[in-house]
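Chemist:
Numbering (the numbering used here), first residue to last: 338 to 517.
Written as structure tokens, this is what we have:
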């Protein structure tokens, strides 16, 4: 009985010493949930968010948790938050980016955002460019002719180019991404 006790005691000491040795060898690290962008993006709004209508966390961020609304609520007067769509996700990513650019030009982002998230994430009915058109027209009340004309306009082309340029300049690696 005494022999077993001594053997167990030495085993316990070995485990404790090994644990302490591993603890002492570990490098301390401080969690960093942000990183600086070098060089800073010129002429950027106070807060920029990159998102995708194909991104479940983006849906939760916007439609369930209301994080973007909370950010807007605490911004100082005169500062603004701008949301840009990332076209790399999903089979209709480019069509959704163009539609989002049109919503930005028309200043209809709130209704279009809700409509696309509902159609894509909840109802699962975004399968073709016609579906994108249909959801946009239903949300904004514009006609098919007006949509087809506006989606190819220089203002929308410029907004699409801006979204794609800023995506690269900010070095976006995932969505949702918020830059302050």
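By construction, the Cβ of each residue, glycine as well, lies at the ideal position given by its N, Cα and C atoms. These numbers were taken from a predicted model, which means no experiment stands behind them.
1. Report the partner residues of residue 516 according to the DSSP bridge assignment.
2. Using a Cβ distance threshold of 8 Å, determine whether the segment 418 to 425 contacts the segment 479 to 492, with at least three qualifying pairs required.
3. Using the Cβ count rule (16 or more neighbours within 10 Å means buried), how would you classify residue 500?
4. So what's residue 484 in DSSP terms, helix, strand or just coil?
5. Taking the alpha carbon of residue 474 as the point to measure from, which residue in 449, 434 and 410 has its own alpha carbon closest?
6. To the nearest angstrom, report how far apart residue 398 and residue 440 are at their CA atoms.
7. Using a 10 Å radius around the Cβ and a threshold of 16 neighbouring Cβ atoms, would you call residue 415 buried or exposed?
8. Please report the residue range of the beta strand (DSSP E) in which residue 464 lies.
9. Checking 8 Å against the spacing of the C-beta atoms, do residue 456 and residue 442 come in under that value?
Modeler: Reading off the structure:
1. Residue mapping note: residue 516 aligns to position 179 of the chain shown, counting from 1. In the DSSP output, where bridge partners are listed per residue, residue 516 has 385.
2. No, because fewer than three Cβ pairs between the segment 418 to 425 and the segment 479 to 492 fall closer than 8 Å, the two stretches do not touch.
3. Looking up residue 500 in the chain shown gives position 163. A residue is called buried once 16 or more other Cβ atoms fall within 10 Å of its Cβ, and residue 500 is buried on that count.
4. Here residue 484 corresponds to residue number 147 of the chain shown, with the count starting at 1. Helix.
5. Your numbering for residue 474 matches position 137 in the chain shown. Measuring from the Cα of residue 474, the nearest candidate turns out to be 449.
6. Translated into positions along the chain shown, residue 398 becomes position 61. Translated into positions along the chain shown, residue 440 becomes position 103. In this structure, the straight-line span from the alpha carbon of residue 398 to that of residue 440 is close to 20 Å.
7. If you number the chain shown from 1, residue 415 lands on position 78. Exposed: under 16 other Cβ atoms inside 10 Å.
8. Reading the chain shown from its first residue, position 127 is the one you call residue 464. The continuous stretches of beta strand (DSSP E) do not include residue 464, and DSSP gives it neither H nor E.
9. As a working note, residue 456 is residue 119 in the chain shown. As a working note, residue 442 is residue 105 in the chain shown. Contact flag unset, no.
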